[in-house]
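Trainee: With this note's numbering, the residue at position 83 of the sequence shown is 150, and numbering never jumps.
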Amino acid sequence: MAFIQSEQFDKAAGRLEEVWEQTQADSSVGEYLAIAYLNTEERRNLPDAEKQAFAIIDKLAGAGARVSFLVQHSHEKLGWLQGRELNQYCRGRLSIEDRHLIFVADKGEKAGEHSFDLKADQVKSISLNEDDRRGTFRLKMMDRDYFMATRNRNRDEARKIVELVQQLIRPK
Numbered sequence: 068m069a070f071i072q073s074e075q076f077d078k079a080a081g082r083l084e085e086v087w088e089q090t091q092a093d094s095s096v097g098e099y100l101a102i103a104y105l106n107t108e109e110r111r112n113l114p115d116a117e118k119q120a121f122a123i124i125d126k127l128a129g130a131g132a133r134v135s136f137l138v139q140h141s142h143e144k145l146g147w148l149q150g151r152e153l154n155q156y157c158r159g160r161l162s163i164e165d166r167h168l169i170f171v172a173d174k175g176e177k178a179g180e181h182s183f184d185l186k187a188d189q190v191k192s193i194s195l196n197e198d199d200r201r202g203t204f205r206l207k208m209m210d211r212d213y214f215m216a217t218r219n220r221n222r223d224e225a226r227k228i229v230e231l232v233q234q235l236i237r238p239k
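1) According to DSSP, aspartate 212 sits in a beta bridge with which residue or residues?
2) Looking only at C-alpha atoms, which of Arg166, Ala132, Val171 sits nearest to valine 190?
3) What does the Cβ neighbour count give for serine 95, buried or exposed, with the cut at 16 atoms within 10 Å?
4) In chain order, what residues of the same chain lie with their CB nearer than 7 Å to the CB of aspartate 184, ignoring the 5 residues before and after it?
5) Just the C-alpha distance for tyrosine 213 and glutamate 143, rounded to the nearest angstrom, thanks.
6) Going by C-alpha distance, which of Val171, Phe76, Phe136 is nearest arginine 226?
7) Give the DSSP-derived three-state secondary structure of arginine 133 in the structure shown.
8) Run through DSSP, which three-state label would arginine 218 get?
9) According to the Cβ coordinates, are glutamate 224 and leucine 100 closer than 9 Å?
10) Hey, could you find the ends of the alpha helix (DSSP H) aspartate 184 is sitting in?
11) Please report how far the alpha carbon of leucine 83 lies from the alpha carbon of valine 229, in whole angstroms.
12) When the Cα atoms are used, what is the spatial distance from aspartate 199 to arginine 205?
13) Please determine, among Asp93, Ala103, Gln72, Ala92, the residue with the shortest C-alpha to C-alpha distance to glycine 81.
14) Going by alpha carbons, who is nearest to glycine 97 out of Met209, Ile124, Arg222?
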């Protein structure tokens, strides 16, 4: 897990794979292994790693366990919508767990001000920005909107986030 914190994703994947293959009893191992796969430094391996990550994410989500993604939250709505690079943002971990959507911002401008822990009924909607190939999406809450992107600019990952959050906010 320390490798994830220090952004050594390939080393993290190697260690976490060993544990995950032995036992899948600890869902946090799967959660962090999926993060490592989605943020691999070896971009040519991303298609296979992404398939493995999504399989783990689907298994964890199906069991009601936490799943997490590394994201950036843009502080500049207009630039983001116009396709410019993000200059003012914070980044952190977006997690879906137990009818909650949690964002813990840990780096960047005003990181401490942008974290949240929302119950499913506090989320109005989430949508993928279809015109943007950078993995951007918009999260609407009762009192504010968040413009976000997957940290690695992966549109498939953003689509998976949108799908899971939409499942979370549907009435049960």
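The beta-carbon is built from N, C-alpha and C at its ideal position, and this holds for glycine as well.
Note that the structure is a prediction, hence the values are computed from the model and not measured.
Mentor: Straight from the coordinates:
1) Lys207
2) Of the listed residues, the one whose Cα sits closest to valine 190 is Arg166.
3) exposed
4) His167, Ile169
5) Take the alpha-carbon of tyrosine 213 and the one of glutamate 143: they are about 10 Å apart.
6) Phe136
7) coil
8) coil
9) Contact check for glutamate 224 against leucine 100 fails: the beta carbons are separated by 9 Å or more.
10) Careful: aspartate 184 lies outside any alpha helix (DSSP H), inside the beta strand (DSSP E) at 183-186.
11) 26 Å
12) 12 Å
13) Ala103
14) Ile124
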